[in-house]
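The opening position of the sequence shown corresponds to residue 22 in my numbering, with each subsequent residue numbered one higher.
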Amino acid sequence: MKTADSTISLEEEISLLRRVNQNLEATVLSLQEQLNWFKKQLFGKKSERFIADDNQLYFPGLELPPSIEPVEKTIDVPAHKKKQGNSASSNGITFPEDLPIEEVILDLPEDQRIDPVTGNPLVYIGEEVSQKLGKKAASYFIKKIIRKKYAVMGRPEEGIFTPSLPDSVIPRCAVDESIIADVLAKKFCDHLPLYRQVEMMQRDGVKISRQTLSSYVLEAGKALTPLYDLLEAEILSSGNIFIDETPIDMLAPGTGKVEQGYMVALIGGKSLDPPTRIYKFFTSRKYEGFEKLLSGYKGVFHSDKYGAYEQEAKKDGVIWVPCWAHIRRKFVEAEGDPTFQQEMLIFIEKLFSIEEEIKDLEPGERVCIRKTRALPIIDKLLQKVQDRANKGVLPKSKLARAIGYVQGLTPYLKNYIEYPYARLDNNVAERALKLVVIGRKNWLFVGNEGGGKAAAIVYSLAQTCRALKINPYKYFEDVLRRLQAHPYNRLSELLPGNWKA
């Protein structure tokens, strides 16, 4: 009896040791993956783009995209072709045609305009002209508004007649709209914090406080809200949107401590790269905020695999297009089966290569080519993922997470095929947020929720201008002057896309 008990005890101990060993192996693999990741961050290449090399494995039935040879830029000139060089006219600077010109005339002194041999005067035969771009210090001026007053002679009871002051977005403001436009453009396009702008103005003799500039931003945000609302409605009615978010620090009211808020980028339009975008500031990442933002939306919805977005994807009429760039990143980071990882990256790179080829085609042609060329690749990829999962993989490894990531998205990975303005990735939204991230590194935080919302409003118009190649300073200066008097039912005329037209 003791022998039987001892045998059972030993079997239990062996089973326990096996489980401990498996856990230790998984821990070692996880730590090794972390170590390799840190090494890659310090010493490895940062690009996730997969480039095939001569030594990589070949997988039958999968054509590799042709390598792209660099093309030397040439310019056509009469009689021959010439390589574009580094002369002053092609040295990376283009002079705007409407800039004022200051002429500097250089001439020989009179005593040097003599032929040294004959003593006769030299003959003037023309000019040699070169150009340089120059800049003057910021030029401020006082706009003195003089309103003439009139009265009825002998009848003072009739009162005084005088023209009204022009409407202003900030009542009784001591600065012109040109100053407010400059502050907005510098902060939300050039990422200059207000305290630096104060220092710059002080260098030119203008003394103003950061709090005053901050109040201008808040008031401008309020004034521009109707245009912001129109942008939002335009995006949500487009049927094709891209969404992503990034954390933004916010000062907690009354404590001086920092809390985490979020800036959400929402881009939309019937285009593979829509210019119209808005930003939304949220004090948390809870689903309720996103649900309210996207209430009633129907159409294509690009995002990464975040819980709130997955909830949105379950709604009727929403076609979720998850980001294939995130899938690629998972396999770039995974370890443990380089052959399988390489195979996945080749599949994904082929999908992106097809999109690059067809981006300028008509919408119907894009859908047709996706069906004939991209769809079979996705089917092969999903089958390979399933086959690899069936072979088994350590549960906590990055490879297991990559496989699980794809399997969790399987019902949605083909959604982009049918919709001509859908994309493989969510890079449109990620690029829009990079500008916020750059700004965040400079201005560090928003002062409160109101400041975050004002920033979102101005960012929306400024970055839509940027996407449309509109000078945001000129846009803000003009729109801020016209906004108060513009008919409400024609406010859409002041949206960046219509303003440009």
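No residue lacks a Cβ here, since even glycine has one placed at the ideal position from N, Cα and C.
Looking only at I126, G472, P416, the smallest Cα-Cα distance to L234 is reached by G472. Here the region 329 to 343 makes no contact with the region 505 to 513; the two share fewer than three CB pairs at distances below 8 Å. Judged by DSSP secondary structure, N411 falls within the alpha helix (DSSP H) whose first and last residues are 396 to 412. In the three-state scheme derived from DSSP, where H, G and I count as helix and E and B as strand, Y283 is classed as strand. Using a Cβ-Cβ distance cut-off of 8 Å, the region 243 to 258 and the region 473 to 485 are in contact, since at least three pairs of beta carbons, one from each stretch, lie closer than that value.
Per DSSP, V173 lies in no beta strand (DSSP E) segment and is marked neither H nor E. The region 452 to 469 makes contact with the region 267 to 287: 3 or more CB pairs, one atom from each, lie closer than 8 Å.
In the DSSP assignment, no residue is bridged to E123. Judged by DSSP secondary structure, N261 falls within the beta strand (DSSP E) whose first and last residues are 261 to 272. L415 has its alpha-carbon roughly 20 Å from the corresponding atom of I35. By the 16-neighbour rule on beta-carbons within 10 angstroms, M284 is buried.
The beta carbons of I379 and L434 sit about 18 Å from each other, so the pair does not count as a contact at 8 Å. Per DSSP, reduced to three states, the secondary structure at S235 is helical.
Looking at the backbone, the Cα of E383 and that of G226 are separated by about 56 Å. Here the region 410 to 425 lies against the region 354 to 362, with 3 or more beta-carbon pairs under 8 Å apart.
For G518, the enclosing alpha helix (DSSP H) stretches over residues 517 to 521.
With a cutoff of 9 Å on beta-carbon distance, L489 and K521 are scored as near each other. When secondary structure is reduced to three states using DSSP, Y440 falls in the coil class, being assigned neither helix nor strand.
Excluding residues up to 5 positions away in sequence, G471, G472, A475 lie with their Cβ nearer than 8 Å to the Cβ of L239 in the same chain.
The beta-bridge partner set that DSSP reports for F322 consists of I262, W341.
Following the DSSP letters along the chain, one finds K301 inside the beta strand (DSSP E) bounded by residues 298 to 303. Secondary structure of I288 (DSSP, three-state): strand. Under a 10 Å Cβ-count criterion, A202 is classified as buried, with 16 or more other Cβ atoms of the shown protein chains found around its own Cβ.
Here T393 is exposed. Its C-beta has fewer than 16 other C-beta atoms within 10 Å. Per DSSP, the beta-bridge partners of P142 are I135.
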